[in-house]
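Have a look at the structure below, then the notes.
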Amino acid sequence: MDDVSATAETVPETAGNGIVSASAIPADELARLTDDIVSALKTVYDPEIPADIYELGLVYKIDIEDDRSVKIDMTLTAPGCPVAGEMPGWVENAVGAVEGVSGVEVNMVFDPPWTPDRMSEEAQVAVGWY
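FYI, UniProt numbering numbers position 101 of the sequence shown as 101, with every residue one higher than the one before it.
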């Protein structure tokens, strides 16, 4: 994944976990939210590939706002993916169930296009490419 961040009107500072935090959300709560959101994303699978969308590299950006709403930029393995209409709802439901998240907005983006090099080692093993 490319970017996990929190937004606010304060001066950014780097938390110990490498996440740039410019948030009014306390650092420990932001870390918990981030971990829980990533865990929720790992429950969503592309039905044609035996790996979750996070490890596949389909999640490009996660923004956690001060009001604890979450904005996610993600893509698909191909624009014509058969679950293109359903996948954003799956992501919204999974992340929306995380304790403390007030709302979820999922944006489908296709720039940059997804390529297999975005896959984690775990996903490569799952699909037999490693």
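A virtual CB, placed ideally from N, CA and C, is assigned to each residue, including glycine. Just so we're clear, the structure is a prediction, and the values are computed from it rather than from any experiment.
For I64, the uninterrupted beta strand (DSSP E) run begins and ends at 59-64, by DSSP.
For M87, the enclosing alpha helix (DSSP H) starts and ends at 87-96.
Per the DSSP secondary-structure output, G103 pairs in a beta bridge with S69. In this structure, the alpha-carbon of D28 lies about 16 angstroms from that of V98.
If you compare the alpha carbons of A78, V44, Y60 with that of G96, the shortest gap goes to V44.
For I37, the enclosing alpha helix (DSSP H) has its first and last residue at 27-41.
With contacts defined by Cβ atoms closer than 9 angstroms, L33 and I64 form a contacting pair. Only buried fits S23, as 16 or more other CB atoms lie within 10 angstroms of its CB.
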